[in-house]
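Written below as structure tokens is the structure these notes are about.
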Amino acid sequence: MVTPEHLADFEQARSRAYELLGDAAEELRREGLPGSPPPGSLAAAALVEALRLISAAEDALDRMSG
Numbered sequence: 001m002v003t004p005e006h007l008a009d010f011e012q013a014r015s016r017a018y019e020l021l022g023d024a025a026e027e028l029r030r031e032g033l034p035g036s037p038p039p040g041s042l043a044a045a046a047l048v049e050a051l052r053l054i055s056a057a058e059d060a061l062d063r064m065s066g
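Letter by letter, the sequence shown follows residues 1 to 66 in the working numbering.
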């Protein structure tokens, strides 16, 4: 049986996951970092895909909060 404590723990975990995803996206978006992929490269495409997946994960977490 799900108790209010379980729901509170779940909400804390969901909130922390959302925060970590935001931190990861922010770090990936930082421009001018040594080793940043040049535009049009395979690495740049992978970066775009990673940011898209982070956004999708954030959307899923939003849906979980009801």
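Ideal Cβ placement from N, Cα and C applies to all residues, glycine included.
From a predicted model like this one, the values you see are computed outputs, not experimental measurements.
Practice item. Please report how far the alpha carbon of Met-115 lies from the alpha carbon of Leu-21, in whole angstroms. Key: Any question about residue 115 goes unanswered here, given that the chain covers just 1 to 66.
Point to revise | Presumed contact (8 Å Cβ cut-off) between Pro-37 and Leu-47, rounded CB distance | key: Reading the sequence shown from its first residue, position 37 is the one you call residue 37. Reading the sequence shown from its first residue, position 47 is the one you call residue 47. With 8 Å as the limit, Pro-37 and Leu-47 qualify as a contact, their Cβ atoms being about 6 Å apart.
Exercise for review: With DSSP as the reference, label Arg-14 as helix, strand or coil.
Suggested key: Locating residue 14 in the sequence shown gives position 14, counting from the first residue. Three-state DSSP puts Arg-14 in a helix.
Exercise for review: May I have the straight-line CA-CA distance separating Ala-60 from Glu-19, to the nearest angstrom?
Suggested key: Mapped onto the sequence shown, residue 60 falls at position 60. Mapped onto the sequence shown, residue 19 falls at position 19. In this model, Ala-60 and Glu-19 are separated by some 13 Å (Cα to Cα).
Practice item. Taking only the alpha-carbon atoms, compute the straight-line gap between Ser-15 and Leu-51 and give it to the nearest angstrom. Key: Taking the sequence shown and counting its residues from 1, one reaches residue 15 at position 15. Taking the sequence shown and counting its residues from 1, one reaches residue 51 at position 51. Taken atom to atom, the span from the alpha-carbon of Ser-15 to that of Leu-51 is near 19 Å.
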